[in-house]
Each structure stands twice: as C-alpha cells, then as structure tokens.
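Enquirer: One structure, pasted below without further comment.
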Amino acid sequence: MTTWQEKRQKRFERWLDPGVPFTSPATKADYQGRVQRMIDAVELKKTPDRVPLYPNYTYYPAYAMGSTPKAVMSDVSKAVDIWERFVKEHAFDAFGVIGIIAPIPVMEALDYQLYAWPGVKGVPEDSIYRYFEHDWLENAEEYDDLALDPTDWWMRRYIPRFCGALSGFKMLPNFTEFMELPNLTGFLAPFGLPEVQESLKKLMKIGTMSLEWMGAVGRLIGRLICDGYPPSAGGFAKAPFDTLSDTFRSMKSAMLDLRRHGDRMIAAMETLAPLAVKMAVEAIDRSGNPLVFMPLHKGADGFMSQAQFEKFYWPTLKRVFEGIIEAGGVPVPFAEGGYNQRMDYMNELPKGSVAWMIDRTDMAALKKKVGDNCCLIGNVPSSILHAGTPADVDAYVKKLMEDVAPGGGFMLATGTVTDDGRPEMINAMLAAGLKYGKY
Amino acid sequence: MQKITTAMADMLEDELMALTDKYLAEGKDPGAILEAYQAGMTEVGKRYEAGEYFVSELILAGEMMNAGGEKIKPFLKGETTQGPSKGRVLIATVEGDIHDIGKNIAGTIMELAGYEVKNLGEDVKTSVIVDEVKSFKPALLGLSGLLTLAYDPMKAVVDGLKEAGIRDQVKVLLGGSQIDEHIVKYVGADVFANDAMTNVSYLKSLA
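So the protein lines, in turn, are chains A and B.
Here the first sequence is numbered in the working numbering, starting from 41 and rising by one per residue.
Here the second sequence is numbered in the working numbering, starting from 4 and rising by one per residue.
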C-alpha cells in the first residue's frame, strides 16, 4: 500500500517538474528553486537555502500597480497585465491565487447575492468586494436535508436562493428520480417550465463568460510558471463548521444552533467533510500544485469555548486535514485572528504534514510548542504595515526571523490578507526577508 | 423567581419560556419576573467574564431576553425596572466596514455591566459619529472595525473630534482583531481592546 508520504513525494515531483515549456533553463531553475524552498519549509527535513517569502494578498497588486479592484474585476486583460507585472517585480517565492479576482460582469449576470462589489450596495468605488453573511436556511431542519443529499440541497434550495438568475432551479426535479420508465416524463417535464428554461439560458451565457475569463487567467498562470513563478496554492477547502456558519447559516444562527441543534449540525458537517476533501484533491490533481489553502474563521480564540471547539469545530476540520494529507496534499490553513488557545491541536497531525499561516498568534510561543511538528507561515502585522515605517517593518522581520526561522519550517508572510497597502512597506518586508532569511 | 434566573443563566431556553408563561398566567408580578431575567443576564455576563461562556451563550441569552421581554411587556403597564446607569457609551463600526459581531458583543457586555450603550450600527459616517458625541455626550466612544481599511476612517473620527473641539471630552477606544498599540497611536485614540472584557475594565478605571 502506498503511504501518504509516498503519494506526497509524487505530487512534489510533479510540482517541481510540471512538464511545461519553460522560457529558458534559467526560468526553470528559478521555478524549481522557489518550489524546492517551499517544499523544504513544509517537510521540516532540512532547512531551505533561505526562508521562503509567501504571498498573502487579494487585491494588493491592483493597488500597488496604480489600478483599482474595480478595474481588474471589470476587465480580465487589465487584471492579467497587472498581475504579470506585479509578480515579476516582487520577490515573493510564489504568486497569490488570481482566482479571487472575481469578474463583476459574471456576478451581475448571476444576480449574485453573497457578495457586493465596488460601487454597489454601499461599497465604495475604490474598495474591494464585500461578503454578506446571511441565513440562507429556512429552518434548522434543513441541516437534515443537507446531510441526506447535499447535492440536491445545494441545487434546488441553496443555489436558487443566492443566485437570482438561477431562481428557476427551485423547480428542478430530484435527479435521483431519473431512472426507469414510470418516472421518465415526470422527471423531464420540469425542464419544460419557462422559469427553469430561463435560468438554464442565463446559466449558459454566464458559463461562456466564465470560460473566457478562466481561459485568460489560466493562460497567465501557465505563462508565469514558464517564466519561473509558482502559484501559492493549487486547491481550496474550508472547515465544515465555517461552511455552515459563513456560507449557509450566518454567524448568529450558527451560534444559536450550537445549543439548539448541535446534533443536526454535526451530522451536516460529517457530510461536508469528505466533500471538502474531494474538492481540494480534485483541484490539486488538476493544478499539479499540492498546497491547499484553507481560510479558517469561527474557530479562532474568543468565538468558541475550548469545549465547543473540541466538539463542533475541530473533529470535522481534522478529518478534512487527514483526507487531504492521505491523498498526498498539503493543507495550508490560515489561522486568521488569534489561535493562542488552540496550539495543542496543531500537534495532532503527522509531522511535516500541515503548514499553518498565522495572523495574531504569538509566533515565538507557537514555534516552541509546535515548531518541531509543523511549518509556520506569517505574521507581519497589518498595523505595522499600515501605521509604521519601513524601519519598523525591518525590525519586526529581524526579530521574527530570530524567533521562528532557526531550524527551518518557516515562511515569511503578512499576518493578515493584504488588500490595500503601502508599497514601500510591503517592499520593506520583502527586502528584510531576503536580508535576514538566509540559512 | 430564582428558577427564572437559573434557567436564564444555565441557557435552559424551553424551561425559561415555560416558567415565564406559567408565572404570568398565575398573575405573578411581571416586574419581578423581568428582574429575575436581568439577574440571569448578569450571571451570564459573569460567566462570560470567567471564560465559561462565549459568543453562542451571549447571543442565546440576548434571544431569550427578547423573547421573554415580549411575553412580559403586555403585563408591565408602564413600570420600568431600569436601574441607574453607570455612564454612557457610544459605539459604532466606522465607515467602509460592516463587521458587527465584535462590536455588538462589546455593547452587550457593557450593558450587562450597567452602562447605557448607544449603538450606531455599521458603516457609520464620520460626521454622524462626531455629531452623536456632541449630543449624546458619552464618557467613552468605541470605534470598531475588522478590516485594515478601517484604520483611516477611525483616524478621521478622532480628527473630527479634534476639529469640533471635543476630543478631551470623550475617551476613544478602538476594537477589532487587527487593532494594536500601533493603530492607537496612528489614530490618536486612548486605548484598544481585542476582547469585550477589556472595555469594561477600562470603563471601571475611568470612574
């Protein structure tokens, strides 16, 4: 039987040698140097040649290159041009995943209710997108429907609620009824309904728009790899509790459910955990990059008691980690906020299997506690990047390197996601990383 | 009435509602029932302070208080059980940011500690906050924001207070997980809090 380490080794080999026509031997060497640096940091087997500089930004490249989020969300050629120049002008060892640059025309056509974008629903013209938590469930009993048949719940309940253009999906038939003669016309007839047909027509148009956008982004990623720059991750997954709380139910309702409908929630999360693994593994299969970015939200210090974390948050999150690890992938959870009370859990996964992105957790304490077991990524605070001077950034990075870099297993990054930002400060962080990060 | 207080403090929602219906039907003093609710809320605040309760309990306690209040209100006939306020607090999430969870928890905890809290909501314009400081005259202004995009609007509020000549009449507290001493200095605020209990201990220190 193949072990997870053997599967991962295969993925690392494919990541190092993705079979693309590199622009030159030098760009191939650059690419492989960057990837090897990240592999060394993750594996904890040896120190890399220097501390990798890991990206943690969304729309920072737009601001840094003198554009705006709205401009890059409106025009893919502009987005591609800006990202290409930004990546080549900055010393990060990987580039931030451009998938977060969502096209405004697609979101408009979809009548997408989950987000607002610059210029609509109170979002300033020069801002980034805004996410709205909303309780999309009619009642807690829907957790049972989700647990029974998640795809059906998604397609006929959730999607028509958050996508105005797909409201006709609520009249779709149940797909598992499509078999044998007695159900034939009963299953097919709903596709003749005007509301369903209208939604399907809109979806075809939106699909074409998305394919064009994805094509341009995909070609950019291919070009950047050929020019020596690896993407920062190849897959995405969420903690099942966050899917319930952020995505389906809203913080308030989910927090009430903890006490009112705990068993229902757990059953729904047990359904979601293998789906999260499947989504992540299919993505790293396609992309060839084994890192799986996992933004964590409601498990941070202060949101839940330790007992609630242990009962509701950790078990299914751990299952997602284990599923990804078992498939040879590398979970890269982003512990946004503080995780000072959750450190012990990080040692429950196999050595060198997970790389944690850290925001407001005490890095020196964390290194002592889990540094022998997992790679740490972080954590230059947004406060210093915003309100400090380049010398402050230099001093922070120097101290961070002294505390966390020894022995390897560390990548330098901003603590929080950089949206806007002062270029001289981000550049100071990168310069300090190169200066103090050599082994 | 102790049963009401205990049911509230122990998060026994169904029992609390049943007891409330029963006591009201039996003609018990509605003011006393409401006081028992408030005693339960105070106990919830204490348990939060002790780290025993978290966000879910605060939200559920708020829901129980509202549901119970709706039942009791028709029986009250204009009586009030509101105790004297220890002082006024104004809270708002600054312009450009819509995060409300931390701010609302902080507001709840300060109310439970006996302060009169006015919550202006989210994405509140600088001029609205400054005007409200002028008219409401709070001892403490709490500015909340989760996004790094909130730093500059927070600074604009403090600058607005200075321009209006009232900066020295109110203490300014910043709340949010990305707030620390660097941002306090940048904004020109007095103090920051990353958790709701810090607000209360700061308010006590002002007295």
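For each residue, glycine too, the CB sits at the ideal point set by N, CA and C.
According to the Cβ coordinates, are A/R197 and A/L212 closer than 8 Å?
Expert: Not in contact: A/R197 and A/L212 (Cβ atoms no closer than 8 Å).
Enquirer: Check for me: the beta strand (DSSP E) holding B/E119 runs from which residue to which?
Expert: Residues E119 to N122.
Enquirer: Confirm, please, whether the CB-CB distance from A/L284 to A/A294 is below 8 Å.
Expert: Yes, Cβ-Cβ distance for A/A294 and A/L284 is below 8 Å.
Enquirer: Going by DSSP, name the residue or residues bridged to A/F172.
Expert: According to DSSP, A/F172 bridges with nothing at all.
Enquirer: Does any CB atom of chain B fall closer than 8 Å to the CB of A/M291?
Expert: At least one chain B Cβ lies under 8 Å of A/M291.
Enquirer: Have a look at A/N96 and B/A35 and give me their C-alpha separation to the nearest angstrom.
Expert: Rounded to whole angstroms, A/N96 to B/A35 spans 55 Å at the Cα level.
Enquirer: Could you please tell me which residues of the stretch 160–183 of chain A, in chain order, have their CB closer than 7 Å to any CB of chain B?
Expert: The residues in question are G162, P164, S167 and R170.
Enquirer: Across which residues does DSSP place A/M334 in a beta bridge pair?
Expert: In the DSSP output, where bridge partners are listed per residue, A/M334 has A/P373.
Enquirer: Enumerate, from N- to C-terminal direction, the unbroken alpha helix (DSSP H) stretches of 4 or more residues contained entirely within the stretch 135–169 of chain B.
Expert: DSSP runs (the alpha helix (DSSP H)) wholly in the stretch 135–169 of chain B: 154–166.
Enquirer: For A/L296, which residues in chain B fall below 8 Å Cβ to Cβ?
Expert: Correct list: S59, I62, L63 and E66.
Enquirer: Given this structure, state the Cα-to-Cα distance separating B/V127 from A/P58, to the nearest angstrom.
Expert: In a straight line, the C-alpha of B/V127 is about 50 Å away from that of A/P58.
Enquirer: Since A/M344 meets chain B, which of its residues come closer than 8 Å, beta carbon to beta carbon?
Expert: Those within 8 Å of A/M344 in chain B are F57, V58 and S59.
Enquirer: Kindly indicate which three-state DSSP category B/A196 falls into: helix, strand or coil?
Expert: Correct three-state label for B/A196: strand.
Enquirer: If the cut is a Cβ gap below 8 Å, which residues of chain A does B/K49 touch?
Expert: In chain order: nothing, as chain A lies at least about 15 Å away.
Enquirer: Near A/V420, what residues of its chain come up, given a Cβ to Cβ distance below 8 Å and the 5 sequence neighbours on each side ignored?
Expert: Here the set comprises V433, Y436, V437, L440, L452, A453, T454, G455 and M469.
Enquirer: Rounded to whole angstroms, what's the CA-CA distance from A/G461 to A/D185? Just pull it up for me.
Expert: Going from the Cα of A/G461 to the Cα of A/D185 covers about 44 Å.
Enquirer: Which whole runs of the beta strand (DSSP E) in the stretch 390–440 of chain A are 3 residues long or more, in chain order?
Expert: Counting only runs of 3 or more, we get 395–398 and 415–420.
Enquirer: Just the Cα atoms here: how many angstroms apart are A/R259 and A/L315?
Expert: So the two alpha carbons sit approximately 28 Å from each other.
Enquirer: Within the continuous beta strand (DSSP E) that includes A/A180, where are the two ends?
Expert: That residue, A/A180, is in no beta strand (DSSP E); it is neither H nor E in DSSP.
Enquirer: Do you know whose CA, among A/M309, A/P88, A/F333 and A/G377, lies nearest A/A320's CA?
Expert: Nearest C-alpha to A/A320: A/F333.
Enquirer: Looking at the structure shown, is A/D341 part of a helix, part of a strand, or coil, going by DSSP?
Expert: Strand.
Enquirer: Is the Cβ-Cβ distance between A/G208 and A/Q153 less than 8 Å?
Expert: No, these two residues do not count as a Cβ contact at 8 Å.
Enquirer: What are the residues in the stretch 143–174 of chain B lying within 8 Å of chain A by C-beta distance?
Expert: Listed by position along the chain: L150, T151, L152 and Y154.
Enquirer: What residues of chain B sit near A/I365, judged by a beta carbon separation below 9 Å?
Expert: Those do not exist, as A/I365 stays about 29 Å from chain B at its closest Cβ, beyond 9 Å.
Enquirer: Of all the CB atoms in chain B, is at least one closer than 8 Å to the CB of A/S286?
Expert: Rather than Ser, the amino acid found at residue 286 of chain A in this sequence is Asp. Taking Cβ atoms only, chain B never reaches closer than 8 Å to A/D286, which makes this a no.
Enquirer: Since I believe A/A142 is in contact with A/K245 (beta carbons under 8 Å), could you give me their beta-carbon distance rounded to a whole number of angstroms?
Expert: Not quite, the Cβ-Cβ distance comes to about 17 Å (not below 8 Å), so this is no contact.
Enquirer: Applying a beta-carbon distance threshold of less than 7 Å, which residues of chain A neighbour B/G99?
Expert: Simply P164 and S167.
Enquirer: Could you give the distance in angstroms between the alpha-carbon of B/L93 and the alpha-carbon of A/S423?
Expert: One C-alpha to the other measures close to 24 Å.
Enquirer: Determine the extent of the beta strand (DSSP E) in which B/G178 is found, giving its start and end residues.
Expert: Unbroken beta strand (DSSP E) run through B/G178: K174 to G178.
Enquirer: Taking Cβ-Cβ distances shorter than 9 Å, what residues in chain A pair up with B/Y189?
Expert: Near B/Y189 (Cβ distances below 9 Å), the residues of chain A are S423, H426, A427 and G428.
Enquirer: Going by the CB atoms, is the gap between A/G448 and A/A102 shorter than 8 Å?
Expert: No. Outside cutoff.
Enquirer: On the CB-based measure, 16 or more other CB atoms within 10 Å of its CB, does B/T129 come out buried or exposed?
Expert: Looking at its Cβ environment, which holds 16 or more other Cβ atoms inside 10 Å, B/T129 is buried.
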